[in-house]
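Report on the structure given below.
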Amino acid sequence: MRIEIWSDVVCPWCYVGKRRLETALAGFEHRDEVEVVYRSFELDPSAPRHGHELSTSVIAQKYGRSEDEMRDMQQQLVDLAAQEGLAFRLFETVHTNTVDAHRLLHLALDEGGAAQQRELKEALLSAYFEWAEDVGDHAVLRAVAVSAGLDGERVDAVLASEEYGDAVGRDIHRARTLGIGGVPFFVLDGKYAVSGAQPAALFGQALEQAWAAAHPQLDVIGSGGEACGPDGCAI
1 MRIEIWSDVV
11 CPWCYVGKRR
21 LETALAGFEH
31 RDEVEVVYRS
41 FELDPSAPRH
51 GHELSTSVIA
61 QKYGRSEDEM
71 RDMQQQLVDL
81 AAQEGLAFRL
91 FETVHTNTVD
101 AHRLLHLALD
111 EGGAAQQREL
121 KEALLSAYFE
131 WAEDVGDHAV
141 LRAVAVSAGL
151 DGERVDAVLA
161 SEEYGDAVGR
171 DIHRARTLGI
181 GGVPFFVLDG
191 KYAVSGAQPA
201 ALFGQALEQA
211 WAAAHPQLDV
221 IGSGGEACGP
231 DGCAI
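According to my numbering, the sequence shown is numbered sequentially starting from 1.
The structure is reproduced here in structure tokens:
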């Protein structure tokens, strides 16, 4: 089974949703047969590539709230994230562009497969939310990518170009065709969708439903009839 997740590396609910899905997968019988792939989604393509303005003030202005109101809302999210084992530093994060981070996630998927992409995704989310790093800065991106196992020279080449920009664009276009207007958004086997950072229990239900649909079981009518087995017939 494949799970595709549209998300951004500066989306706090994407990190919370990631943890909740992982909790559900940990208790899923067929977890070793599930592949998780991340798809690109930019919350703010117009954000500066090397932003320095704190996210709190930017978001407060965008939604017409005072900074005090926004800090209260963010504190609630900080407390909720802590329940998932995440130590958010929301008051220190900066408003920054994420297209280059997404390009590196495609590099990781292309050269290291889904496992390496997941490792890089975790590292990028942690860098932004737990370490308040600017994930639009190339020096930060390089350090995070190399720590996640990517080749430094290859990372430099991608960051110095527009490589994988078309792949990011395709993900975003597909999100539009699927009607995805917000993230995180989870698509299971191209058939079932979960919108938002739902509780782990709901993710567990979705996993069971998607697995059952992909692996239907026969309803056997009657039992105990005479038959030959793998070792032959008794007569």
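Cβ atoms here follow ideal geometry from the backbone N, Cα and C, with glycine treated the same way.
| query | What did DSSP end up calling R2 once you bin it into helix, strand or coil? | reply | Translated into the one-based positions of the sequence shown, residue 2 becomes position 2. In this structure, R2 counts as strand in the three-state DSSP scheme.
| said: Once the 5 residues before and after S145 are set aside, which same chain residues still bring their CB inside 7 angstroms of it? | reply: In the sequence shown, the residue the question calls residue 145 occupies position 145. In the sequence under discussion, the amino acid at residue 145 is Ala, which differs from the Ser named in the question. Around A145: L104, L120 and V155.
| query | Is the beta carbon of R142 less than 8 angstroms from the beta carbon of L124? | reply | As a position in the sequence shown, residue 142 is number 142, starting the count at 1. As a position in the sequence shown, residue 124 is number 124, starting the count at 1. No.
| message | Tell me which residues share the same chain as T96 and place their Cβ nearer than 8 angstroms to its Cβ, disregarding the 5 neighbours each side in the sequence. | response | Start at 1 with the first residue of the sequence shown, and residue 96 comes out as number 96. These residues qualify, in order along the chain: V10, A47, P48, R49, H50, G51, D134, V135, G136 and D137.
| message | What ranges does the beta strand (DSSP E) occupy inside the region 155-227, keeping only unbroken runs of at least 3 residues that lie completely in it? | response | 185-188 and 192-195
| So, is P45 buried or exposed, given that buried needs 16 or more other C-beta atoms within 10 angstroms? | Along the sequence shown, read from residue 1 onward, the residue named residue 45 stands at position 45. Counting the other CB atoms within 10 Å of its CB gives P45 a total below 16, which places it among the exposed residues.
| query | To the nearest angstrom, how far is it from the Cα of A132 to the Cα of D110? | reply | As a working mapping, residue 132 is identified with position 132 in the sequence shown. As a working mapping, residue 110 is identified with position 110 in the sequence shown. In a straight line, the C-alpha of A132 is about 27 angstroms away from that of D110.
| request: Please state if the CB of A210 and the CB of K191 are separated by a distance shorter than 8 angstroms. | output: Taking the sequence shown and counting its residues from 1, one reaches residue 191 at position 191. Taking the sequence shown and counting its residues from 1, one reaches residue 210 at position 210. A distance below 8 angstroms separates the beta carbons of K191 and A210.
| query | Starting from V58 and walking both ways along the alpha helix (DSSP H), at which residues does that stretch end? | reply | By 1-based counting over the sequence shown, the position of residue 58 is 58. Here the alpha helix (DSSP H) through V58 covers S55 to K62.
| In three-state terms, what does DSSP make of G17? | For the purposes of this step, residue 17 is taken as residue 17 along the sequence shown, with counting starting at 1. In the structure shown, G17 sits in a helix (DSSP, three-state: H, G or I).
| Thinking C-alpha only, which one of Q205, Q198, G225 and I221 is nearest A81? | Locating residue 81 in the sequence shown gives position 81, where the first residue counts as 1. Closest option to A81, Cα to Cα, is Q198.
| request: Give the DSSP-derived three-state secondary structure of E42 in the structure shown. | output: Locating residue 42 in the sequence shown gives position 42, counting from the first residue. The answer is coil: DSSP assigns E42 none of H, G, I, E or B.
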